[in-house]
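Q:
Chains as they are written, first to last, in the working numbering: chain A, 1 to 257; chain B, 258 to 538.
1) Express the C-alpha separation of residue 62/A and residue 336/B in angstroms, rounding to a whole number.
2) Please specify which runs of the beta strand (DSSP E), each continuous and at least 3 residues long, are wholly inside the stretch 396-471 of chain B, giving them in chain order.
3) State the Cα-Cα distance for the pair residue 54/A and residue 201/A, rounded to the nearest angstrom.
4) Taking C-beta pairs closer than 9 angstroms, name the residues in chain A that residue 339/B reaches, listed in chain order.
5) Could you name the residues of the same chain whose beta carbon sits closer than 7 angstroms to that of residue 141/A, not counting the 5 residues immediately before and after it, in chain order?
6) I'd like to know if residue 275/B contacts chain C, where contact means its C-beta is closer than 8 angstroms to some C-beta of that chain.
7) Should residue 286/B be labelled buried (16 or more other beta-carbon atoms within 10 Å of its own) or exposed?
8) Less than 7 angstroms between C-beta atoms, sequence neighbours within five positions excluded: which residues of the same chain meet that for residue 324/B?
9) Is the CB of residue 354/B under 8 angstroms away from at least one CB in chain A?
10) Establish whether the CB of residue 571/B and some CB of chain A are separated by less than 8 angstroms.
11) Are there three or more Cβ pairs, one per stretch, closer than 8 angstroms when the stretch 172-186 of chain A is compared with the stretch 84-102 of chain A?
12) Using beta carbons (cut-off 8 angstroms, strictly below), is residue 434/B in contact with chain A?
13) Just by C-beta distance, which residues in the stretch 162-179 of chain A are closer than 9 angstroms to chain B?
14) Within 7 angstroms: the Cβ of residue 29/A and any heavy atom of the ligand GTP?
15) Tell me which residue opens and which closes the beta strand (DSSP E) that residue 288/B is part of.
16) So which of 374/B, 402/B, 468/B has the shortest CA-CA distance to residue 156/A?
17) Am I right that residue 309/B and residue 465/B are in contact with their C-beta atoms under 8 angstroms? What's the rounded C-beta distance?
18) On a Cα-Cα basis, can you pick out the residue from 495/B, 494/B, 486/B that is closest to residue 525/B?
19) Consider the Cβ of residue 198/B: report whether some Cβ of chain A lies at a distance smaller than 8 angstroms.
20) Is there contact here, the stretch 311-321 of chain B with the stretch 361-368 of chain B, by at least three beta-carbon pairs under 8 angstroms?
21) Straight-line CA distance for residue 417/B to residue 161/A?
22) Provide the residue(s) that pair with residue 340/B in DSSP beta bridges, ordered along the chain.
23) Would DSSP call residue 1/A helix, strand or coil?
24) So with Cβ pairs under 8 angstroms, would you call residue 147/A a contact of chain B?
25) Using beta-carbon positions only, say whether residue 300/B and residue 473/B come within less than 8 angstroms of one another.
26) To the nearest angstrom, report how far apart residue 258/B and residue 307/B are at their CA atoms.
27) Looking only at its own chain, which residues have a Cβ that is under 7 angstroms from the Cβ of residue 243/A, when we skip the five neighbours before and after it?
28) How big is the Cα-Cα spacing for residue 527/B and residue 488/B?
29) Checking 8 angstroms against the spacing of the C-beta atoms, do residue 6/A and residue 22/A come in under that value?
30) Verify whether the separation of the beta carbon atoms of residue 391/B and residue 322/B is less than 8 angstroms.
31) State the Cα-Cα distance for the pair residue 440/B and residue 479/B, rounded to the nearest angstrom.
32) Nearest by alpha-carbon distance to residue 471/B: which of 496/B, 424/B, 332/B is it?
33) Using a Cβ cut-off of 8 angstroms, pull out every chain A residue sitting near residue 372/B, in sequence order please.
34) At what residues does the beta strand (DSSP E) containing residue 273/B begin and finish?
Here it is, written out as structure tokens:
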């Protein structure tokens with residue numbers, strides 16, 4: 001019963017939107033706006049075929065590799081920079097410079113350097129996704145509570161044990177906030193990296209459809225991207241609930257007090 | 258030379274903890290602040306001493322120096338004859354801020370277990386130590402809870418259990434009960450006496466509460482106001498078996514309490530003993 005209710009809340013607005021869309025496309029026939037039925041038909045036709053393996057899966061694969069690599073680089077770098085004062089003083093101004101560069105402008109540069117490869121596309125995703133994780137991790141590591149840090153120190157919890165049992169868990173709320181931003185950035189960069197000089201992938205296919213006036217097909221590609229975003233968001237929320245159970249619980253107790 | 262301290266609780270007057278001419282000056286933007294001027298005292302093995310002083314008398318600074326979290330400007334701290342330069346293995350510290358000294362992402366049991374796990378104590382022995390420690394503080398029933406699900410007093414019990422399980426020879430406590438309610442505080446005071454007697458460890462208990470220092474300690478060290486020296490060092494000659502009602506009703510308790518109170522008042526006015534003043538030129 002509770003699950004049904006939750007499902008109802010999740011689906012209510014999408015159903016309404018589709019209904020509104022259906023109603024508005026009833027009479028008029030606009031070439032650029034397909035009816036829900038056409039789109040649904042095209043959706044199945046286009047994406048549940050060989051394209052799923054030749055375009056969708058490779059895109060998701062590159063997205064995953066890029067985002068995971070960005071998270072690992074961001075967390076490792078963030079822990080180092082956040083813990084070592086001179087390193088932070090040395091790197092922070094430079095990091096601001098690199099962070100300010102919009103990743104899409106790197107695409108042509110990376111194409112020249114790496115060629116039109118999967119590696120290039122993954123590099124574009126990393127170059128954008130690493131920043132929210134890195135900067136949030138630095139902040140999280142710096143904000144480790146002094147008393148907690150003293151406690152750990154008096155019990156001889158130093159070095160790697162300190163990182164594992166104190167620094168990482170303590171910074172995890174900020175790290176997760178960074179990861180959340182990285183996921184949405186990653187999806188955008190995945191598409192952009194495939195729009196230039198590519199021969200496969202979701203971004204490439206959508207642009208291809210657009211250029212050949214396959215309008216319903218193009219729209220169906222956009223729907224795939226949206227669904228991908230929703231799926232990522234659900235996975236993220238599930239992971240966050242598990243990793244930060246203590247954090248949300250503690251907040252609840254504090255708010256109740 | 259390393260005396261086997263675990264085997265000889267039988268009143269050998271060797272100092273377990275020595276604070277020698279300790280001085281701590283903080284360098285701040287507004288100039289140097291002398292928090293502790295010249296502190297010297299010894300704790301014998303198995304002693305339970307309370308350290309009281311007016312607020313701002315550098316109690317926390319002293320404790321940080323003793324626990325190796327902070328280096329003194331001058332002087333030294335010796336634990337079992339060895340100079341303290343970092344947090345020693347034989348020492349455990351219980352902080353006032355219980356809410357900020359336990360790991361909120363770990364359950365009660367994991368919190369108590371972590372220092373042992375980190376020392377590489379075998380699993381079986383760890384389980385036994387953790388069980389015993391939780392039993393000793395009366396928390397065997399909540400091992401799976403998170404600290405923030407417990408009341409303040411219970412959280413401080415967890416911190417004490419963690420300290421006990423670590424098997425220290427010296428237990429430092431920095432105003433551990435300042436933030437818990439009065440009834441819980443009375444229970445926790447008795448808990449400390451019980452644990453101390455049972456384990457035979459050396460306890461240095463820092464507090465700003467005069468009654469608490471007299472009730473708990475075998476000895477009370479009174480600090481002057483900052484810059485701090487030892488104002489007076491008195492023996493608490495109350496019966497060893499203490500309880501909240503009867504001990505506090507003893508005439509001797511009242512006398513001692515008065516005495517400590519007066520000394521603190523004198524300390525607050527900035528008076529310091531002549532002997533300590535002579536050390537500073």
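Ideal placement from N, C-alpha and C gives every residue a C-beta, glycine not left out.
A: Result, derived from the coordinates:
1) For the purposes of this step, residue 336/B is identified with residue 79 of the second chain, where counting begins at 1. For the purposes of this step, residue 62/A is identified with residue 62 of the first chain, where counting begins at 1. Those two C-alpha atoms are separated by around 58 angstroms.
2) 427-431, 459-464
3) Counting from one through the first chain, the residue named residue 54/A turns up at place 54. Counting from one through the first chain, the residue named residue 201/A turns up at place 201. Answer to the nearest angstrom: the Cα atoms are 7 angstroms apart.
4) Indexing the second chain from 1 puts residue 339/B at position 82. Simply none; closest approach about 15 angstroms.
5) Numbered from its first residue, the first chain carries residue 141/A at position 141. These residues qualify, in order along the chain: 78, 79, 82, 83, 167, 171.
6) Included in the structure are the protein chains A and B, with no chain C among them.
7) For the purposes of this step, residue 286/B is identified with residue 29 of the second chain, where counting begins at 1. Exposed: under 16 other Cβ atoms inside 10 Å.
8) In the second chain, counting from the first residue as 1, residue 324/B sits at position 67. The answer, listed in chain order, is 344, 348, 350, 429.
9) Within the second chain, numbered from 1, the residue matching residue 354/B stands at position 97. Taking Cβ atoms only, chain A reaches closer than 8 angstroms to residue 354/B, which makes this a yes.
10) Here chain B has residues from 258 to 538 only, and residue 571/B is not among them.
11) no
12) As a working note, residue 434/B is residue 177 in the second chain. With 8 angstroms as the cut-off, residue 434/B does not count as an interface residue toward chain A.
13) 165, 166, 169, 170, 172
14) Ligands displayed in this structure: none; no statement on the ligand GTP is therefore possible.
15) Position 31 of the second chain, counting from 1, holds the residue named residue 288/B. Its beta strand (DSSP E) spans residues 288-301.
16) Against the first chain, residue 156/A aligns to sequence position 156. The residue with the shortest Cα to Cα distance from residue 156/A is 374/B.
17) Position 52 of the second chain holds residue 309/B. Position 208 of the second chain holds residue 465/B. So it is a contact: roughly 7 angstroms between Cβ atoms.
18) By one-based count along the second chain, residue 525/B stands at place 268. It is 486/B whose Cα lies nearest to the Cα of residue 525/B.
19) Because residue 198/B is not part of the residues shown, which for chain B are 258 to 538, the question remains open.
20) no
21) Numbered from 1 along the second chain, position 160 holds the residue referred to as residue 417/B. Numbered from 1 along the first chain, position 161 holds the residue referred to as residue 161/A. Rounded to whole angstroms, residue 417/B to residue 161/A spans 22 angstroms at the Cα level.
22) Stepping through the second chain from its first residue, residue 340/B is reached at position 83. Looking at the DSSP assignment, residue 340/B forms a beta bridge with 335/B.
23) Your numbering for residue 1/A matches position 1 in the first chain. Note: residue 1/A maps to coil in three-state DSSP.
24) Taking the first chain and counting its residues from 1, one reaches residue 147/A at position 147. True, the Cβ-Cβ gap to chain B drops below 8 angstroms.
25) For this step, residue 300/B is matched to residue 43 along the second chain. For this step, residue 473/B is matched to residue 216 along the second chain. Not a contact, by the Cβ cut-off of 8 angstroms.
26) Sequence index remark: in the second chain, residue 258/B carries index 1 (1-based). Sequence index remark: in the second chain, residue 307/B carries index 50 (1-based). Confidence is the limiting factor: at residue 258/B the pLDDT is only 41, short of 50, which leaves the residue's position unreliable, though a coordinate-based value still follows. The alpha-carbon atoms of residue 258/B and residue 307/B are separated by roughly 29 angstroms.
27) Translated into positions along the first chain, residue 243/A becomes position 243. Taken in chain order, the residues that qualify are 172, 176.
28) Position 270 of the second chain, counted from the start, is the residue given in the question as residue 527/B. Position 231 of the second chain, counted from the start, is the residue given in the question as residue 488/B. Each residue's Cα considered, the two are about 11 angstroms apart.
29) In the first chain, counting from the first residue as 1, residue 6/A sits at position 6. In the first chain, counting from the first residue as 1, residue 22/A sits at position 22. Contact flag unset, no.
30) The residue labelled residue 391/B in the question sits at position 134 within the second chain. The residue labelled residue 322/B in the question sits at position 65 within the second chain. Against a cut-off of 8 angstroms, the Cβ pair of residue 322/B and residue 391/B comes out as no contact.
31) The residue labelled residue 440/B in the question sits at position 183 within the second chain. The residue labelled residue 479/B in the question sits at position 222 within the second chain. The alpha-carbon atoms of residue 440/B and residue 479/B are separated by roughly 25 angstroms.
32) For the purposes of this step, residue 471/B is taken as the residue at position 214 of the second chain. Residue 496/B is the option with its Cα nearest to residue 471/B.
33) Locating residue 372/B in the second chain gives position 115, counting from the first residue. 155, 156, 157, listed in chain order.
34) Translated into positions along the second chain, residue 273/B becomes position 16. Note, residue 273/B: beta strand (DSSP E), 272-285.
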